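In the numbering used here, the protein residues as written are 521 to 946. Accompanying notes for the structure given below.
As structure tokens, this is what we get:
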């Protein structure tokens, strides 16, 4: 009955179109009242939920991503990807995937990836003879890997939701394998389409121009080496690397590239703060919601329910995947990570699944949800930038969904894809 009151009130509030953050907070208050917990205990959990040093990584990484997205770095990375592989058949689609890989490893945001890369490449791909729906599908699907590769702020949220027991650095390094696998899989699919549909070849860029493009892109690429190199060498923590990323992004944008106007900075900071206020409120209320769930022993009850269903780890993981895929299409990523991690992590760890491995499984699942209707935020942004209807974009995405599902199965059932690199470098 306790679970029905807590989860039922949350679902009712969501159906009434109450914002997710406030639905979590009100549900926590209702749950506390039901089990006779003083309401000030909930307030303490709300305050404590955002009073964590590791949380500083989120605003810094979001700000760094905003500076990079608006400061010309994405355009230069697209040009750099064109130098590397733009000359093959279907080269622009490969450039799209490669640029998303580079930019995702710098911004850590699928939305920023789609907006930045898409605004440059979707019109260019259409001009070269690619269908606009296909160009949009490539851009949208390619941006999912930004959620996996460092500096993914969703990895920070997962670490927080896991109670701080999972290392952010381990999650960052673990995301490299699945992220690269996703990029290679999507690039292979693009090559197959290029051959089947006879998409055009790109032009070979002259050597002098190619060298200039590479030098300009190098400043942006150094961001990911600074972040990962600093963490792995022990020079700074994952949280401190976020602050370093902001300083470096600001320096490159304002003093090296000099494309961004100083008078635009306050507007960008205002947009960033608005985004962060929503995220931090969500984290605060989710902490209270998780506290009430723990008092009601909901995670342990769900673990018991799974155990009665099956004692096979592979079957349980498939059930968890199915649940995450469905929920990922109905809610945004951050609230789902905050709500589901305290529930599902004890379940999967009881079957011997490593928490870092499960983090990658969750991020891939919910990343697919971001490009799937009815609540796919990245899908909507991509369709808007590509000026394509949602229906046509989803139709073009169908083979890409299959490719992403294949990656999900590989990440789920081959733990080494996620865990080998952390075991080597950490």
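C-beta: ideal position from N, C-alpha, C; glycine also. For clarity, every value in this text was computed on a predicted model and none was experimentally measured.
**Report entry** Candidates 649, 561 and 765, of which the one nearest residue 718 by Cα
**Finding:** 649
**Asked** Comparing alpha-carbon positions, which option in 783, 934, 762 and 596 lies nearest residue 582?
**Response** 762
Ends of the alpha helix (DSSP H) at residue 882? 875-890
Beta-carbon contacts of residue 688 that lie in its chain and below 6 Å, excluding the five residues immediately before and after:
676, 679 and 758
- Message: Just list the residues that DSSP pairs residue 721 with in beta bridges.
- Response: 609
Check your understanding: Given 8 Å as the limit, is there contact between the stretch 564-576 and the stretch 825-833, that is, 3 or more CB pairs closer than that?
Key -> no
**Report entry** Neighbourhood of residue 619 by C-beta, 6 Å cutoff - its chain only, sequence neighbours within 5 removed
**Finding:** 597, 598, 601 and 637
* Can you tell me the Cα-Cα spacing of residue 522 and residue 551, whole angstroms? -> 7 Å
Practice problem: To the nearest angstrom, report how far apart residue 911 and residue 641 are at their CA atoms. | Solution: 21 Å
- [ ] Could you name the residues of the same chain whose beta carbon sits closer than 6 Å to that of residue 772, not counting the 5 residues immediately before and after it, in chain order?
- [x] 739
Using three-state DSSP, classify residue 783 as helix, strand or coil. helix
Ordered along the chain, which non-local residues of its own chain (more than five positions away) have a Cβ less than 7 Å from that of residue 682?
-> 861, 865 and 875
* To do: Take residue 766 as the anchor and find which of 731, 573 and 589 has the nearest alpha-carbon.
  => 589
- prompt: Helix or strand or just coil, what does DSSP make of residue 597?
  reply: helix
Return helix, strand or coil for residue 700, following the three-state DSSP convention. helix
Q: Helix, strand or coil for residue 726, going by three-state DSSP, please let me know.
A: coil
Suppose contacts are defined by Cβ-Cβ distances below 8 Å. Is residue 697 in contact with residue 670 by that definition?
no
#### Entry: Inter-residue spacing [alpha-carbon to alpha-carbon] between residue 792 and residue 586
7 Å
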